Amino acid sequence: MLILITGPDGSGSARGGGAGDIVQKANDAALLLLRRGHMPLVSSVLTRPIVARADEEGMADETRVSLAERLAAHCDACLRLGGASERADAETALFGQAGKPVYHDVNQVPEETG
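Quick note on numbering: full-length UniProt numbering labels position 73 of the sequence shown as 73, and the sequence is numbered without any gaps.
Structure, rendered in structure tokens:
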């Protein structure tokens, strides 16, 4: 499965660690998913540079929403890492609305058998 990993992105005041810790947790989850036969995508790593560029034109919010919608349309499932994040909650909701699986722990994701 193509699985989007989302959670706190560290751009605000994240509880439980700084931005580096949060990215490390997402990367750790991505590696575990890869080892289970899936293709992981870390949302904030993919979208942050594009949104930063769009922000220079005052289009950050629109770009963030567009990217989230497109990622949700193309991915098969979502892994929502813990921690407060309105952005991650919105991304996760898109998967739920589409009837796609939302996992909250990497161990909930079944191994790919094919």
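Yeah, the Cβ is synthetic: ideal placement off N, Cα and C, and Gly gets one too. Quick caveat, the model's predicted, so the values are computed rather than measured.
Query - Local conformation of proline 49 per DSSP, three classes - result: helix
Query raised in the report: DSSP state of arginine 80, grouped into three classes?
Result: strand
Requested in this report: Could you tell me if glycine 82 is buried or exposed, where buried requires 16 or more neighbouring beta carbons within 10 angstroms of its beta carbon?
Outcome: exposed
Requested in this report: Could you tell me the boundaries of the alpha helix (DSSP H) in which arginine 92 lies?
Outcome: It is threonine, not arginine, that sits at residue 92 in the sequence shown. Unbroken alpha helix (DSSP H) run through threonine 92: 86-97.
Query raised in the report: Where does glycine 12 land, buried or exposed, given buried means 16+ other C-beta within 10 angstroms?
Result: Legend: pLDDT at glycine 12 = 47, less than 50; position of this residue unreliable, value from coordinates given subsequently. So glycine 12 ends up on the exposed side.
Report task. Please look up how many angstroms separate the CB atoms of phenylalanine 95 and alanine 68, rounded, as I've assumed it's under 8 Å. Result -> With a Cβ gap of about 10 Å, phenylalanine 95 and alanine 68 do not count as contacting.
**Report entry** glutamate 111 - DSSP class collapsed to helix/strand/coil
**Finding:** coil
**Report entry** Backbone secondary structure at alanine 73 - three-state DSSP
**Finding:** helix
Report task. Rounded to whole angstroms, what's the CA-CA distance from residue 160 to serine 43? Just pull it up for me. Result -> This structure cannot settle anything about residue 160, because the visible part of the chain is limited to 1 through 114.
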